[in-house]
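3 is the number of the first residue of the sequence shown in the numbering used here; add one for each residue after it.
For each residue, glycine too, the CB sits at the ideal point set by N, CA and C.
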Amino acid sequence: MALHSTHFTVYVAFNFLIVGLLNFSSASPGSVLSLLQPYDFLYYSGVRAYFGGEWGRAAELLEKAVLTKNSLFRARRQCHEECVAAGREAFNKLDSEKGSMWDLWALDWVQQRAECLRFCVGRSAAPEVQLPVSSDIDYEFNSRNAYNFLQVTYYKLEKLHKAASAAHTYFVANPSHLEMRNNIEKYRRMDGMTEDAFQDREIETEKHWVSYDSAVQYEASSAWSQATEKWKTCVNETLRQTEECRVQCEVASQPLPEDRGVDSVDGAYEKAAALSLYLLSCRQSCVTQVATRPGRISSQEDFLPTQLEHLHIAQFKAGDIGGAVQTLRSLLLFYPSDKDSLDNLQLYHETLGGDTESQDTQPAEEIVRYVSRSLQEKKLLYFGMENLDFSFTDPDLWTPEDAVPESLRDAWRAEKEKMNEKVKEGERQEEVDDSGFFSGGPVPQVGVTITMDDEVLNGTNRVVLDGVMTEKECERILQLATTAVSAGDGYQGRRSPHTPHETFEGLTVLRAVKLAQDGMVNQTDARLLHELGERALILLHSYFRSPSGLFISFTHLVCRSAIAGDQEGRLDLSHPVHVDNCLLEPDTKQCWREQPAFIHRDLSAILYLNDDFDGGELFFTNRDAKTITARVKPSCGRLVGFSSGPVNPHGVTAVTRGRRCALALWFTREKLYRDMEREEAEAMWAADGQSVVKKGDVEAEGGAGGGRSGRSQAATERSRGRGRVTGGRDEL
Numbered sequence: 003m004a005l006h007s008t009h010f011t012v013y014v015a016f017n018f019l020i021v022g023l024l025n026f027s028s029a030s031p032g033s034v035l036s037l038l039q040p041y042d043f044l045y046y047s048g049v050r051a052y053f054g055g056e057w058g059r060a061a062e063l064l065e066k067a068v069l070t071k072n073s074l075f076r077a078r079r080q081c082h083e084e085c086v087a088a089g090r091e092a093f094n095k096l097d098s099e100k101g102s103m104w105d106l107w108a109l110d111w112v113q114q115r116a117e118c119l120r121f122c123v124g125r126s127a128a129p130e131v132q133l134p135v136s137s138d139i140d141y142e143f144n145s146r147n148a149y150n151f152l153q154v155t156y157y158k159l160e161k162l163h164k165a166a167s168a169a170h171t172y173f174v175a176n177p178s179h180l181e182m183r184n185n186i187e188k189y190r191r192m193d194g195m196t197e198d199a200f201q202d203r204e205i206e207t208e209k210h211w212v213s214y215d216s217a218v219q220y221e222a223s224s225a226w227s228q229a230t231e232k233w234k235t236c237v238n239e240t241l242r243q244t245e246e247c248r249v250q251c252e253v254a255s256q257p258l259p260e261d262r263g264v265d266s267v268d269g270a271y272e273k274a275a276a277l278s279l280y281l282l283s284c285r286q287s288c289v290t291q292v293a294t295r296p297g298r299i300s301s302q303e304d305f306l307p308t309q310l311e312h313l314h315i316a317q318f319k320a321g322d323i324g325g326a327v328q329t330l331r332s333l334l335l336f337y338p339s340d341k342d343s344l345d346n347l348q349l350y351h352e353t354l355g356g357d358t359e360s361q362d363t364q365p366a367e368e369i370v371r372y373v374s375r376s377l378q379e380k381k382l383l384y385f386g387m388e389n390l391d392f393s394f395t396d397p398d399l400w401t402p403e404d405a406v407p408e409s410l411r412d413a414w415r416a417e418k419e420k421m422n423e424k425v426k427e428g429e430r431q432e433e434v435d436d437s438g439f440f441s442g443g444p445v446p447q448v449g450v451t452i453t454m455d456d457e458v459l460n461g462t463n464r465v466v467l468d469g470v471m472t473e474k475e476c477e478r479i480l481q482l483a484t485t486a487v488s489a490g491d492g493y494q495g496r497r498s499p500h501t502p503h504e505t506f507e508g509l510t511v512l513r514a515v516k517l518a519q520d521g522m523v524n525q526t527d528a529r530l531l532h533e534l535g536e537r538a539l540i541l542l543h544s545y546f547r548s549p550s551g552l553f554i555s556f557t558h559l560v561c562r563s564a565i566a567g568d569q570e571g572r573l574d575l576s577h578p579v580h581v582d583n584c585l586l587e588p589d590t591k592q593c594w595r596e597q598p599a600f601i602h603r604d605l606s607a608i609l610y611l612n613d614d615f616d617g618g619e620l621f622f623t624n625r626d627a628k629t630i631t632a633r634v635k636p637s638c639g640r641l642v643g644f645s646s647g648p649v650n651p652h653g654v655t656a657v658t659r660g661r662r663c664a665l666a667l668w669f670t671r672e673k674l675y676r677d678m679e680r681e682e683a684e685a686m687w688a689a690d691g692q693s694v695v696k697k698g699d700v701e702a703e704g705g706a707g708g709g710r711s712g713r714s715q716a717a718t719e720r721s722r723g724r725g726r727v728t729g730g731r732d733e734l
């Protein structure tokens with residue numbers, strides 16, 4: 003239905019004026035939640051009880067605050083749905099009425115809808131519950147501080163599972179909070195604590211991010227059918243979350259936008275226009291809110307278009323060409339002249355053999371509605387900028403130039419160019435490694451040479467050392483691998499954790515020692531496996547001039563074998579590009595130090611055992627996970643070391659023939675995360691009366707840490723670490 007253009011702006015203004023007035027009016031009595039107090043009052047009361055040591059009361063009030071807030075948001079959403087049809091009869095008369103009657107029918111429509119909303123919300127919430135909350139309260143709930151208090155409260159009440167859940171919920175939005183991270187690790191070590199206890203209580207608002215991460219992981223494993231389903235779910239969840247946010251802009255109580263000119267004008271039309279622009283701006287800001295991960299400051303640019311780009315590629319690779327065509331046409335609504343997208347569309351049509359039906363494929367209806375509505379809102383907001391002294395920051399990069407009034411285009415182009423230049427400048431800036439390591443130190447082992455350094459490897463804190471092992475030692479460990487490795491070790495028995503074209507086998511130091519005690523492998527070979535970790539630690543601690551103590555975090559003997567007859571046309575990697583201590587997002591070039599990444603890792607290394615295979619090269623990239631900066635070819639006794647952070651994304655090329663074996667090692671400066679399995683192995687040797695020459699675990703003073711010398715002491719250490727996950731299976 004086409005509205006009269008001369009009345010359209012006024013019509014929209016009246017709509018939002020009445021809805022806005024609803025937000026400041028009193029609700030009717032007799033509501034379901036009328037006996038509950040406002041959630042900001044409940045929260046502050048709970049905090050006061052917390053600091054007063056009233057743990058039971060604090061838990062009750064803080065939980066009520068969370069419950070009341072969520073219930074209020076749901077009630078608003080339900081009322082919005084119930085009142086969609088309110089005033090429909092008056093609305094349908096808008097096109098048929100001429101002249102002065104048009105604005106009367108417009109007022110009739112919005113008043114009926116406003117009455118419906120006020121009555122509906124009033125049934126669920128008392129007037130004081132509906133009042134706007136302060137920005138401080140918004141910050142407290144957005145940062146999930148209530149769960150910070152609840153974690154301590156439940157710990158004091160000895161409700162450990164609830165404490166663990168609260169701790170995890172808070173940590174998701176505050177991944178750099180070291181104290182909470184340590185608390186979570188303590189909960190993990192407690193008896194009876196399982197992974198089910200660590201539930202994110204705010205997961206309902208994060209489902210799109212869960213799907214996003216799953217989709218990226220499936221892509222990395224070339225599991226295109228699963229990636230397709232996850233990307234579809236991600237798109238749908240993103241649209242749903244955006245709609246939820248938009249509803250709250252319209253129905254939730256809002257403070258008057260005094261800085262937007264509402265109080266500076268006298269006329270009803272001017273006030274209506276100012277308020278309508280404010281609420282339209284709120285709706286547009288939902289793009290940024292939904293595209294911002296919990297605990298993050300910045301949003302992911304082009305969040306929805308990026309998902310569509312990933313989706314159409316996954317569909318194509320999964321064989322769903324028709325679906326890929328529809329998704330690509332949806333993406334072209336955002337960027338209609340994008341050359342890559344148009345080329346891909348042509349490719350898809352050719353793949354279908356010129357199928358005429360595919361030529362008529364239309365974009366998804368929900369994306370058409372999303373783009374059309376957003377563009378109409380942007381035009382009104384830019385109109386306000388041009389004529390009503392309104393300020394608006396467009397959250398999208400895809401906004402077409404013709405949506406911006408001619409008088410604003412020069413400033414709009416300049417701002418866009420400024421943003422592009424800022425991005426380019428950031429790409430030109432040299433990566434800064436804040437790990438605290440400084441390459442170039444001495445190599446304290448005769449016969450070990452520096453083959454490649456930072457300059458040759460085109461990076462920061464990278465090194466290749468040769469001569470770390472002798473040919474004989476390589477043969478011994480290879481023989482150990484042939485005898486003792488088990489399929490899928492470290493990955494719940496999955497034979498191909500990263501690619502279906504290779505088998506994966508592994509062996510830990512502790513398992514090697516147990517096999518040696520059972521007479522399954524040579525005792526000296528098991529001890530050599532242990533000693534190689536100590537040897538690598540001494541070398542890397544010295545070369546990278548570690549300013550503090552350094553401990554072995556995990557040691558894993560890993561073999562990857564090409565599956566015969568399954569290598570032709572292979573395009574995947576033996577191990578996709580990743581960073582060892584943070585979650586790499588190639589699209590945004592961000593790397594987030596949060597679980598499930600092994601954030602305690604500081605240095606990474608790989609000690610090669612052989613070179614009689616094809617492929618299997620280690621390579622470094624930029625944060626885009628595409629631009630390769632250096633390659634390292636395996637050979638016996640070659641040690642590659644590098645800092646574990648975002649300056650060193652890396653992967654492994656496909657092993658296309660033979661068997662590649664290497665020792666993967668990680669080191670940490672946090673004693674809590676030292677490899678407890680190594681200490682258990684040392685305790686087993688000590689119990690058998692065998693001495694352990696332990697050169698590693700270099701302390702801050704530069705001395706060598708001694709091994710455990712008695713069963714009782716080792717047992718004590720093991721009991722302290724019970725339940726902690728010590729194995730990091732992110733193999734190099």
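By a C-beta neighbour count over all protein chains shown, 10 Å radius and 16 as the cutoff for buried, is Y189 buried or exposed?
-> On the sequence shown, residue 189 is found 187 positions in, with the first residue counted as 1. Y189 sits buried, since 16 or more C-beta atoms from the chains shown fall within 10 Å of its C-beta.
Given L282, which residues of its chain have a CB within under 7 angstroms of its CB, disregarding the five upstream and five downstream residues?
-> Numbered from 1 along the sequence shown, position 280 holds the residue referred to as residue 282. Within the same chain, L282 has close Cβ partners E379, L382, L383.
Span of the alpha helix (DSSP H), counted from its first residue to its last, around L69 = Locating residue 69 in the sequence shown gives position 67, counting from the first residue. Where L69 is concerned, the enclosing alpha helix (DSSP H) stretches over 57-84.
Below 8 angstroms, can you find three or more Cβ-Cβ pairs linking the segment 329-346 to the segment 238-256?
-> Result no; under three Cβ-Cβ pairs closer than 8 angstroms.
Buried/exposed call for F53, threshold 16 Cβ in 10 Å = Along the sequence shown, read from residue 1 onward, the residue named residue 53 stands at position 51. Exposed, by the Cβ-count rule.
Cα-Cα, which of F392, V434, L310 is closest to I369?
-> Within the sequence shown, residue 369 is the residue found at index 367, counting from 1. Ranked by how close their Cα comes to the Cα of I369, the residues F392, V434, L310 have L310 in first place.
Based on the DSSP secondary-structure assignment, which residues constitute the bridge partners of G643?
-> By 1-based counting over the sequence shown, the position of residue 643 is 641. Per the DSSP secondary-structure output, G643 pairs in a beta bridge with V465, A607.
Reference V450; option with closest CA among I540, T353, V237 = Residue mapping note: residue 450 aligns to position 448 of the sequence shown, counting from 1. Comparing Cα-Cα distances from V450 to each of I540, T353, V237, the minimum goes to I540.
Alpha carbon to alpha carbon, how far is Y220 from H314?
-> If you number the sequence shown from 1, residue 220 lands on position 218. If you number the sequence shown from 1, residue 314 lands on position 312. In a straight line, the C-alpha of Y220 is about 14 angstroms away from that of H314.
Count the other CB atoms, across all protein chains shown, that sit within 10 Å of the CB of K273; report buried if there are 16 or more and exposed otherwise.
-> As a working mapping, residue 273 is identified with position 271 in the sequence shown. Under this definition K273 is a buried residue.
C-beta atoms of D146 and A168 nearer than 7 angstroms | Your numbering for residue 146 matches position 144 in the sequence shown. Your numbering for residue 168 matches position 166 in the sequence shown. One detail in the question is off: residue 146 reads as Arg in this sequence, not Asp. Cβ atoms of R146 and A168: not closer than 7 angstroms.
Does the beta-carbon distance from F439 to S645 come in below 7 angstroms?
-> In the sequence shown, counting from the first residue as 1, residue 439 sits at position 437. In the sequence shown, counting from the first residue as 1, residue 645 sits at position 643. Result yes, Cβ atoms of F439 and S645 sit closer than 7 angstroms.
Please state whether DSSP places L37 in a helix, a strand or coil.
-> Numbered from its first residue, the sequence shown carries residue 37 at position 35. Below a pLDDT of 50, predicted positions are generally treated as unreliable, and L37, at 45, falls in that range; no measurement from the model is reported.
Do S576 and A656 have their CB atoms nearer than 7 angstroms?
-> In the sequence shown, counting from the first residue as 1, residue 576 sits at position 574. In the sequence shown, counting from the first residue as 1, residue 656 sits at position 654. Yes; because the gap between Cβ atoms is below 7 angstroms, this pair is in contact.
Do V466 and V579 have their CB atoms nearer than 7 angstroms?
-> Along the sequence shown, one-based indexing puts residue 466 at 464. Along the sequence shown, one-based indexing puts residue 579 at 577. Contact flag unset, no.
Compute the Euclidean distance between the alpha carbons of E536 and P446, then round it to the nearest angstrom.
-> Here residue 536 corresponds to residue number 534 of the sequence shown, with the count starting at 1. Here residue 446 corresponds to residue number 444 of the sequence shown, with the count starting at 1. Near 13 angstroms, if we compare the C-alpha coordinates of P446 and E536.
Taking all protein chains shown into account, do 16 or more other C-beta atoms lie within 10 angstroms of the C-beta of M522, making it buried, or fewer, making it exposed?
-> One-based indexing of the sequence shown puts residue 522 at position 520. Counting Cβ neighbours within 10 Å, M522 comes out exposed, since fewer than 16 surround it.
Secondary structure at S576, three-state DSSP: helix, strand or coil?
-> Within the sequence shown, numbered from 1, the residue matching residue 576 stands at position 574. Here S576 sits in coil by DSSP.
What whole-angstrom Cβ distance do L480 and L611 have, given they're in contact under 8 angstroms?
-> Position 478 of the sequence shown, counting from 1, holds the residue named residue 480. Position 609 of the sequence shown, counting from 1, holds the residue named residue 611. So it is a contact: roughly 5 angstroms between Cβ atoms.
Cα-Cα separation, H602 to R183 = Counted from its first residue, the sequence shown places residue 602 at position 600. Counted from its first residue, the sequence shown places residue 183 at position 181. Approximately 10 angstroms between the Cα atoms of the pair.
Looking at G269 and the ligand ATP, is the gap between the Cβ and the nearest heavy atom below 6 angstroms?
-> Among the components of this structure there are no ligands whatsoever, and the ligand ATP is therefore not found.
What is the DSSP secondary structure of C663, counted as helix, strand or coil?
-> For the purposes of this step, residue 663 is taken as residue 661 along the sequence shown, with counting starting at 1. Annotated three-state conformation of C663 is strand, per DSSP.
Is the distance from the Cβ of D435 to the Cβ of V649 below 7 angstroms?
-> Indexing the sequence shown from 1 puts residue 435 at position 433. Indexing the sequence shown from 1 puts residue 649 at position 647. Taking 7 angstroms as the Cβ cut-off, D435 and V649 qualify as a contacting pair.
Label S136 either buried or exposed according to how many other C-beta atoms from any shown protein chain fall within 10 Å of its C-beta, with 16 as the threshold for buried.
-> Residue numbering aside, residue 136 sits at position 134 when the sequence shown is read from its first letter. With fewer than 16 other Cβ atoms inside 10 Å of its own Cβ, S136 counts as exposed.
Once you ignore the five residues that flank S30 on each side, which residues in its own chain have a CB closer than 8 angstroms to its CB?
-> Position 28 of the sequence shown, counted from the first residue, corresponds to residue 30. Below a pLDDT of 50, predicted positions are generally treated as unreliable, and S30, at 39, falls in that range; the measurement from the model is reported next regardless. Counting only Cβ-Cβ distances below 8 angstroms, and skipping sequence neighbours, we find R120, F121, G124, R125.
Please work out which residues of its chain come closer than 6 angstroms, Cβ to Cβ, to Y2, disregarding the five sequence neighbours upstream and downstream, and give them in chain order.
-> A query on residue 2 cannot be resolved here, the shown segment of the chain reaching from 3 to 734 and no further.
Pair within 7 angstroms by beta-carbon distance, C663 and A538 = Taking the first residue of the sequence shown as position 1, residue 663 is located at position 661. Taking the first residue of the sequence shown as position 1, residue 538 is located at position 536. No; because the gap between Cβ atoms is not below 7 angstroms, this pair is not in contact.
Please state whether DSSP places L585 in a helix, a strand or coil.
-> Numbered from its first residue, the sequence shown carries residue 585 at position 583. In the structure shown, L585 adopts extended strand secondary structure according to DSSP, grouped into three states.
In terms of residues, what are the limits of the alpha helix (DSSP H) holding V654?
-> Locating residue 654 in the sequence shown gives position 652, counting from the first residue. Taken as a continuous stretch (DSSP letters only), V654 belongs to no alpha helix (DSSP H), being part of the beta strand (DSSP E) at 652-654.
Count the other CB atoms within 10 Å of the CB of G712; is the residue buried (16 or more) or exposed (fewer)?
-> For the purposes of this step, residue 712 is identified with residue 710 of the sequence shown, where counting begins at 1. At G712, the pLDDT of 29 sits below 50, so the modelled position is not reliable and the matter cannot be decided from this model.
What span of residues does the beta strand (DSSP E) with V560 cover, start to end?
-> Locating residue 560 in the sequence shown gives position 558, counting from the first residue. From DSSP, the beta strand (DSSP E) with V560 extends over 553-564.
If you check the beta carbons only, do A685 and V515 fall under 7 angstroms apart?
-> Taking the first residue of the sequence shown as 1, we reach residue 685 at position 683. Taking the first residue of the sequence shown as 1, we reach residue 515 at position 513. No Cβ-Cβ contact shorter than 7 angstroms links A685 with V515.
Using the rule of at least 16 other Cβ atoms within 10 Å of the residue's Cβ for burial, across every protein chain shown, is L241 buried or exposed?
-> Against the sequence shown, residue 241 aligns to sequence position 239. When all chains shown are included, L241 counts as buried.
By how many angstroms is the C-alpha of A165 removed from the C-alpha of Y45?
-> Start at 1 with the first residue of the sequence shown, and residue 45 comes out as number 43. Start at 1 with the first residue of the sequence shown, and residue 165 comes out as number 163. Computed Cα separation, rounded: 18 angstroms.
Work out the CA separation of P588 and D626 for me, nearest whole Å.
-> Position 624 of the sequence shown, counting from 1, holds the residue named residue 626. Position 586 of the sequence shown, counting from 1, holds the residue named residue 588. P588 has its alpha-carbon roughly 4 angstroms from the corresponding atom of D626.
Can you give me the Cβ contacts of V373 inside the same chain, cut-off strictly under 6 angstroms, excluding the 5 residues immediately before and after it?
-> As a working note, residue 373 is residue 371 in the sequence shown. Excluding positions up to five away in sequence, the list reads L335.
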